[in-house]
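In what follows, a single structure is set out as structure tokens and then discussed.
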Amino acid sequence: MPAKPTITLIGSGLVGLLLAIELQKRGFPVRLFERRPDMRRVTISAGRSINLALSVRGIYALQQAGLWEEMQKIIIPMRGRMMHSVAGQLTFQRYGKDDSEAINSISRAELNIALMNAAEARGVRIEFNQRCTGYDMRSGKVSLRNEETGEERGVDSEVVIATDGSASAIRTEMLKLPRFNFSQQYLDYGYKELTIPAGLDGNFLLEPGALHIWPRGSFMLIALPNIDGTFACIFFLPFEGRNSFASLDTNDKVRAFFEKHFTDALRLMPNFIENYTSNPVGAMVTIKCSPWHQEGRALLLGDSAHAIVPFFGQGLNCAFEDISIFLELLDRRGPDWPNLLPEFERARKENTDAIADLALENFIEMRDRVADPRFLFRKKAELALEAKFPDRFIPKYAMVSFHRLPYSLAAARGRIQDRMLSELCDGIDRIEDLDWNKAETLVTRDLTLLEVGR
Ligand SMILES: Cc1cc2nc3c(=O)[nH]c(=O)nc-3n(C[C@H](O)[C@H](O)[C@H](O)COP(=O)(O)OP(=O)(O)OC[C@H]3O[C@@H](n4cnc5c(N)ncnc54)[C@H](O)[C@@H]3O)c2cc1C
């Protein structure tokens, strides 16, 4: 048997690490280069968003790698959304049909560290402070700069996989090639991370089994629980305009804004102003590009191929699903890179485009519609329809978060179901008043039977 080629991965974020573990397991020597220092030894910001919501696609990839059990120690299941009104009134709304349908809050830094430890325990060598500064598609040489010493070097590589996130250096090289398609769309909104500390005895100051949302129309605050009793909050606000990061230009204005719109949350943040002023405002972008591969030896995977906005909690789940699909193809076909890489993109592209669009749609839903009683009633109706027609009607949120149906299928069925819900729910506000005969006609006429993959 010829020796397996060495695979060079650029970026030891969550995706690079999980992929390295899986490739190493399959006998491929892996080299992993990361521009940042080792976060286990140096205190650095974990990067964008301190917490992530992991759902079935991400969990499946971790299960396949034999790592999900180990993650139980660092996750907190969130069974639904807890909406906070301006007056401080709470409304809980389940995400799924029962407690088994939950999304899981996990700290990005904890997950990163757990994956680094797991990768090294399995023999993966991570080289830190190594920034990729270029890549020659023809020769396969990766250029690296040591971020501590400034030393430059080139590394020959048979296969390079870019797991270096939304500002990928390898993708920047691909941009120079003819007929490379690329689009990036920034939101007018930015985000800022804030923290609700734990209570005096380490207890949670809000209900831990929920994702908390303060929906306020053109802006919102969310909070996800951490295992240490704290909540990681993200405040979303337009960059410019009347209520915006630009207009909140003094500490007094910031405090007054929070006192007016997020009174109950502000009470739980004793270090609010320090927190607010020391954290930067992040931007959110949707990136689509193609092809994801070049010369049968370079591939974009995860955020480097398709960055999406965070409002469906799917960026990482989608990127981990990339890994599952890539490995299924690799296991089936072997390392036939010139055919495998295009096949991988064909299997994924319409799905990653679909979740990018769904994530943008969900922004409106989260910041605005979750506060609307009509929306809440439609959510109840969705669950009732699912209970009655479980192999045909699955709410869109559940198709994306609790099932491994292709995203493009979830989006297409979601559009049909939205129309159906409008027909069934308009003019009524009690589940008992649903017209079940009409529901049966619509469901059997418009929705084919589903083979539900979990
Ligand atoms: C506010 C916010 C909230 C989010 N919430 C969720 C959520 O709830 N659920 C979810 O599934 N997803 C969420 N996401 C999306 C998720 O963060 C990303 O999809 C995920 O981190 C992508 O992983 P990645 O490994 O591809 O890229 P990254 O996490 O960006 O990792 C890239 C790695 O490459 C390194 N690197 C970059 N450039 C170079 C270079 N030139 N040379 C060497 N190394 C390099 C970086 O240092 C980093 O370690 C959220 C994103 C944001 C912004």
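Following the numbering used here, the numbering of the sequence shown begins with 1247 at its first residue and continues without gaps. Built from N, CA and C at the ideal position, the CB exists for glycine as well. If you're wondering where the values come from, they're calculated on a predicted model, not measured in any experiment.
Problem - Cβ-based burial, G1445 [other Cβ within 10 Å; buried from 16] - result: Under this definition G1445 is an exposed residue.
Exercise for the section: Have a look at L1390 and A1529 and give me their C-alpha separation to the nearest angstrom. Expected result: So the alpha carbons of these two residues sit roughly 27 Å apart.
Problem - Buried or exposed (CB count within 10 angstroms, at least 16 for buried), R1691 - result: Classification of R1691: exposed, given that the 10 Å Cβ count is below 16.
Exercise for the section: Answer yes or no: the CB of T1409 versus the heavy atoms of ligand 1, is any distance below 6 Å? Expected result: Yes, the beta carbon of T1409 sits closer than 6 Å to at least one heavy atom of ligand 1.
Practice task
Would you be able to state if there are at least three C-beta pairs under 8 Å between the segment 1439 to 1457 and the segment 1468 to 1480?
Solution key: In this structure the segment 1468 to 1480 touches the segment 1439 to 1457; the number of beta carbon pairs closer than 8 Å is three or more.
Problem - Identity of the residue in F1274, Y1381, N1585 and Q1309 nearest L1423 by Cα - result: It is Y1381 whose Cα lies nearest to the Cα of L1423.
Exercise for the section: Could you tell me whether the segment 1303 to 1321 touches the segment 1498 to 1505, where touching means 3 or more Cβ pairs closer than 8 Å? Expected result: Because the criterion of three Cβ pairs below 8 Å is not met, the segment 1303 to 1321 and the segment 1498 to 1505 do not touch.
Problem - Whole-angstrom distance between A1685 and S1493, CA atom to CA atom - result: Cα to Cα, the separation comes out at about 48 Å.
Problem - Euclidean distance between Cα positions of I1407 and P1526 - result: Rounded to whole angstroms, the gap between the alpha carbons of I1407 and P1526 is 30 Å.
Problem - Residues of its chain near N1683, where Cβ-Cβ distance is below 6 Å and the 5 sequence neighbours each way are ignored - result: Answer for N1683: no residue qualifies.
Problem - Ranges of the alpha helix (DSSP H) found wholly within the segment 1437 to 1468, counting only runs of at least 4 - result: Taking only runs of at least 4 residues, no alpha helix (DSSP H) segment lies wholly in the segment 1437 to 1468.
Problem - Residue range of the beta strand (DSSP E) that includes N1683 - result: Segment W1682 to D1692 is the alpha helix (DSSP H) holding N1683; no beta strand (DSSP E) there.
Handout entry: First through last residue of the beta strand (DSSP E) which encompasses E1398
Key = Taken as a continuous stretch (DSSP letters only), the beta strand (DSSP E) holding E1398 covers E1398 to D1402.
Problem - Pair within 7 Å by beta-carbon distance, F1566 and A1367 - result: No, the Cβ-Cβ distance between F1566 and A1367 is not below 7 Å.
Handout entry: Rounded straight-line distance, which links the Cα of T1496 to that of I1305
Key = Taking the straight line from one Cα to the other gives about 42 Å.
Handout entry: Beta-carbon proximity check, I1359 vs L1278, cutoff 7 Å
Key = No. Outside cutoff.
Practice task
Could you tell me if the beta carbon of P1556 falls within a distance shorter than 6 Å of some heavy atom in ligand 1?
Solution key: Between ligand 1 and the CB of P1556, the shortest heavy atom gap is smaller than 6 Å.
Exercise for the section: Let me know if D1549 comes out buried or exposed under the rule of 16 or more other beta-carbons within 10 Å of its beta-carbon. Expected result: Counting the other Cβ atoms within 10 Å of the Cβ of D1549 gives 16 or more, which makes it buried.
Exercise for the section: Answer yes if the segment 1533 to 1541 comes into contact with the segment 1326 to 1342, meaning at least three C-beta pairs across the two stretches below 8 Å, and no otherwise. Expected result: The segment 1326 to 1342 is not in contact with the segment 1533 to 1541.
Exercise for the section: List the endpoints of the continuous beta strand (DSSP E) containing H1319. Expected result: Per the sequence shown, the amino acid found at residue 1319 is Lys instead of His. Neither: K1319 is in no beta strand (DSSP E) and is coded neither H nor E.
Problem - Option in G1580, G1673, Y1643 and K1642 with minimal Cα separation from A1249 - result: Measuring from the Cα of A1249, the nearest candidate turns out to be G1580.
Exercise for the section: Tell me where the beta strand (DSSP E) around Y1306 begins and ends. Expected result: In this chain, Y1306 is not harboured by any beta strand (DSSP E); it is covered by the alpha helix (DSSP H) spanning V1302 to Q1310.
Exercise for the section: Would you mind giving the Cβ-Cβ distance between L1586 and L1575, rounded to the nearest angstrom? I have them listed as a contact below 8 Å. Expected result: Right, their Cβ atoms sit about 6 Å apart.
Practice task
Confirm the yes/no value for this check: CB of R1282, any heavy atom of ligand 1, distance under 6 Å.
Solution key: True, at least one ligand heavy atom lies under 6 Å from that Cβ.
Practice task
Measure the alpha-carbon distance for L1255 versus E1280 and round it to whole angstroms.
Solution key: Taking the CA atoms as reference points, L1255 sits about 9 Å from E1280.
Handout entry: Contact test: G1396 Cβ vs ligand 1 heavy atom, cutoff 6 Å
Key = G1396 has its CB no nearer than 6 Å to any heavy atom of ligand 1.
Problem - Three-state secondary structure (DSSP) of G1660 - result: Looking at G1660 - three-state DSSP - the assignment turns out to be helix.
Exercise for the section: Let me know the secondary structure DSSP gives R1294 once reduced to three states. Expected result: Unreliable placement is indicated for R1294, whose pLDDT of 48 sits below 50; no coordinate value is reported for it.
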